[in-house]
Each structure stands twice: as C-alpha cells, then as structure tokens.
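Quick note, the sequences are listed as chains H and Z, same order.
Numbering (the numbering used here) for the first sequence: 333 to 521.
Numbering (the numbering used here) for the second sequence: 1253 to 1442.
Each residue gets a CB set at the ideal place from its N, CA and C atoms; glycine is no exception.
Right, one structure below, let's go through it.
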Amino acid sequence: MIGTIQETEEKILCLAQQGDRGAYGELVCRYYENVIRVVYRLCGDVHLSQDVAQEAFIRAWVKLPTYQPKAPFRNWLYRIAVNLALDALRKRPEENIADEDEIFLEAQGMPNPETVYLEKERADMMQTAIRALPEAARTVLVLREYSDLSYEEIANVLDIPMGTVMSRLNYARNRLREILNISWSNGVI
Amino acid sequence: MIDQIRNKLNAYLDGELNERSRAQVEEHLQVCADCRDELEGLRSLSERLQAAPLPEFTTPLDFKNQVILQLPRRETKPDQDNSNVSFLYWVPVFILICWIFVQIVFWFSGETILAGIEPQQTQWFAIYQLLFGGSQGIGNLSLLNQIDLYFFNFILQIFIQAVVGILYGAVIYILVRNQNKSSALINGTK
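In structure tokens form, the structure reads like this:
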C-alpha cells in the first residue's frame, strides 16, 4: 500500500517536473498542512505563515526541474519553507508580528466560550514560548515536533551535523521547559 | 555517567538511539528517579507542544487554487536545444572534411572525381597549344597544366563548399533566432 502511494507520488512528481500544473496542485494539497504547521510554529503569525507557505510552493515549482529525488520531496519542501520563514522573520521586526488576538481557534469540540478562551490562552502562551527561543534552536525543535523528521533528516534539511541537531534540541527543550514552568507557576498554563 | 544518560534522554524519547544505547538508558532509568522525572518532563513538554491548537488557515483546496494562479511559466530546458543546434553547426564541417578526404584519395589514385564536368586544360595551356602546336616541350608543360588544373579545381570546390557552409549557417542562425524569439514570447521574458 505504502509502495503504491510512493509510486503514485513519483508519477505526480514526474508530471509536475514536466510542467503539469494539475499534478503540482495535487502536491500542494498533499503537503500544505505539513508546511503551514511548521511555518506557523516558526513565525507565529497566521497571515505571514500563509504568505510564506505560498511563496515556498511557488519557489518549489520554479526549482522543481532541478529537484533530484535523493531526499523525499517533503524534506526538500521543508528546506525551502524554513529558509523563507526565517528570511521573512529577519526582514520583519518582532513588533509587527500579529497580535495573537487575531487568531481564531478551531471551535470544533469547544462550544463553551470559556473553554475556547482557555484553549486560546494556552495556544498563545505556547506559541510565545516557542518564539522566545533562539532561531537555530527553535528551527530544530519545530522540525522535530511538528514535521516528524528524524534527526538525520533534520540535519539534511538544515545542512548541519547530526550532533548539532541533538545539542540544539536539548537546549531548546530545556529552555522551553524553563519558560513554560514560569508561565505555569504564574497560573497561565 | 548521569550526565551522559541525561544527554541521551531526548534521543531516547524521540526513538533515535541504537539498541545498545537504548538498553543502557533503560537500565539507568530503573535505578535513577531524577532521570525518570527528567524524562517525564520532556515527554510532557512534547505532548503539550503536539496538543497546542492551531489557528484556522485557508483550506488546502483554496490554498491550492491561490498557488496555481500565481505559478509562473517555466523556462524550457536550454541544454537540450543547444545540443541540437551545435549538432547542426557541425554538419557542414563534417561534409567538408569528407570531401577533402575523398579528393585526396582520388588524387593519390590518379583519378579525379570531378572529371568530365571540369575543363581538361587551363587557359594558358590552351593558348600555348594554339600558338606553338602540341610538340615542343609539351611533356613538362602538360604536367604543370595538370597541377594547375588540380589546384584550380581544389580551390573552386573549397570555395563552393564554403559558400554552401555559409548559406547553411545563415539558415541555422535564422531558425535559432526565430526559435529563441518565440520561446521568449511564450515565457514572457520579453
């Protein structure tokens, strides 16, 4: 079954490489949620994340003829999206990142306004804590937690040694626990 | 020892340790309450990160439609076209080399490939024969006449080949220029 899915993806990729927009649309649908999740966790801004994700898919389309299937397409896409997200964050001052009040959480299963509010508070705090991490550590943490990549794949995506992935991940998790424990002790989470 | 194990806890949690290291960590966890707490803290953090709700984004279908609308046209692969063009450029050179080869072979064999369609004597030799007849010193002059004829024919053929080559090159140049123009229009680069 997995083999069939892979085979189908190879065919779609091949068509997209030859310029088939319909096939590429299929890939966009398939990987949009993975990409947006990672980009949002890096940026913390809905609109910026969607812009970055869009730019990532457009850039991937342009570069697709040069893509070589040594690594999975998904990882190649992550590399493009992560680089664009970090560039966008560097260009954009921190204060311009959207206030989390603009975010509307998925209300499914949360009909109670108080529950919605609490969930929102929790999500805000988590996102703020992630954004408080240094860029290098945050990138590794986000790729590990939200993309299901192995350490080796993260190392390939970011072009860093695997030892660096491990040390950054250790640092990121320890730092995040410190930040969240402070929030917790303040009764926010 | 405990520091070594603590450094491996993240990798243990993520399932990134090899069998030997995993067994080592598990053995240590059985006797060390601090490391168990540490591991529990890491696991709890990971769960909270995974459970953090996401905001509402554009649906995949809408997003796909937006992306498709903005996809630029791709340029055609230039390598393939260039290889065809360079092949065409080499054709006249190849023909010229073949012709020279054939001429040399015929020259050594005492034949001439163009016999019958070219003059058998030069103008000066014809005038000489007309004025002095065909008897005196004709042997040496006849040889000179043959050499002169041969070089005349050779240069004439080279000239013809060069003209054909130039014409051929001009046709290729016009074709390539038209092709580049049309592909530039398609790609919107002009």
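First and last residue of the uninterrupted alpha helix (DSSP H) at residue i
i         : result
H:Tyr399  : H:Tyr399 -> no alpha helix (DSSP H), and no H or E assigned at all.
H:Cys361  : Arg353 to Cys375
Z:Asn1259 : Ile1254 to Leu1265
H:Glu467  : Glu467 to Ser479
Z:Thr1374 : Counting along the chain, Z:Thr1374 falls outside any alpha helix (DSSP H), and DSSP gives it neither H nor E.
Z:Arg1274 : Glu1271 to Val1283
Z:Asn1317 : Pro1312 to Gln1322
H:Ala455  : Pro445 to Arg463
H:Ile486  : Tyr483 to Leu490
Pair within 9 Å by beta-carbon distance, residue i and residue j
i         : j         : result
Z:Arg1274 : H:Met458  : no
Z:Cys1287 : Z:Arg1258 : yes
H:Asn407  : H:Glu485  : yes
H:Gln522  : Z:Gln1318 : Examination of residue 522 of chain H is not possible in this model, given that chain H is present from 333 through 521 alone.
Z:Gly1417 : Z:Ile1347 : yes
H:Tyr478  : Z:Gln1302 : yes
Supposed close pair residue i, residue j - CB separation, criterion 8 Å
i         : j         : result
Z:Leu1306 : H:Arg476  : With a Cβ gap of about 17 Å, Z:Leu1306 and H:Arg476 do not count as contacting.
H:Val489  : H:Tyr410  : 5 Å
H:Arg505  : Z:Leu1294 : 6 Å
Z:Gln1375 : Z:Leu1401 : Z:Gln1375 to Z:Leu1401, Cβ: 11 Å. No contact.
H:Met494  : H:Tyr483  : 5 Å
Z:Lys1316 : H:Cys346  : Going by Cβ atoms, the distance from Z:Lys1316 to H:Cys346 rounds to 19 Å, so no, they are not a contact pair.
Z:Phe1309 : H:Gln382  : 6 Å
H:Val474  : H:Leu501  : The pair is not a contact, with the Cβ atoms about 11 Å apart (cut-off 8 Å).
H:Val384  : H:Ala417  : 5 Å
H:Glu358  : H:Ile344  : 5 Å
Z:Phe1377 : Z:Asn1405 : Their Cβ separation, rounded to whole angstroms, is 14 Å, which puts Z:Phe1377 and Z:Asn1405 out of contact at 8 Å.
Z:Gln1322 : H:Ile412  : The Cβ separation is near 15 Å, so there is no contact.
Z:Ile1320 : H:Arg463  : At roughly 31 Å, the Cβ-Cβ gap does not stay under 8 Å, so Z:Ile1320 and H:Arg463 are not in contact.
Z:Leu1395 : Z:Tyr1380 : No, Z:Leu1395 and Z:Tyr1380 are not in contact; Cβ-Cβ is about 13 Å, not under 8 Å.
Cβ-heavy atom distance, residue i to the ligand MN, below 8 Å
i        : result
H:Glu477 : Ligands are entirely absent from the displayed structure, and the ligand MN is therefore not among its contents.
C-alpha gap between residue i and residue j, whole angstroms
i         : j         : result
H:Ala455  : H:Leu508  : 14 Å
Z:Leu1261 : Z:Pro1312 : 37 Å
H:Tyr372  : Z:Trp1342 : 56 Å
Z:Pro1344 : Z:Tyr1420 : 7 Å
H:Glu510  : Z:Ser1298 : 14 Å
Z:Cys1350 : Z:Ile1424 : 21 Å
H:Leu421  : Z:His1280 : 42 Å
H:Thr398  : Z:Ile1410 : 46 Å
Z:Phe1403 : Z:Phe1353 : 15 Å
H:Lys423  : Z:Asn1430 : 43 Å
Z:Asp1314 : Z:Glu1278 : 48 Å
Z:Ala1263 : H:Met498  : 7 Å
H:Ala439  : Z:Ala1285 : Low per-residue confidence applies at H:Ala439: pLDDT is 45, beneath 50, and the placement is therefore not dependable, though the value from the model is reported in the following sentence. Cα to Cα, H:Ala439 sits roughly 40 Å from Z:Ala1285.
H:Cys375  : H:Gly351  : 31 Å
H:Leu465  : H:Leu512  : 12 Å
Z:Asp1289 : H:Leu481  : 26 Å
H:Asp288  : H:Ala461  : With chain H covering 333 to 521 only, the question about residue 288 of chain H has no answer from this structure.
H:Glu432  : Z:Glu1292 : Residue placement at H:Glu432 is poorly supported in this model, since its pLDDT is 47, which falls under 50; the coordinates are not used for a value here.
Z:Val1428 : Z:Gln1413 : 22 Å
H:Val414  : Z:Ala1422 : 50 Å
Z:Leu1382 : Z:Ile1399 : 20 Å
Z:Leu1265 : Z:Arg1272 : 15 Å
Z:Gly1368 : Z:Val1415 : Its pLDDT being 48, under 50, Z:Gly1368 is placed unreliably in this model, and the coordinates cannot settle the point.
Z:Gln1276 : H:Tyr356  : 47 Å
H:Ala487  : H:Asn444  : 43 Å
Z:Ile1254 : H:His379  : 45 Å
H:Glu446  : H:Glu453  : 10 Å
Z:Ile1426 : H:Thr340  : 43 Å
H:Ile492  : H:Pro404  : 18 Å
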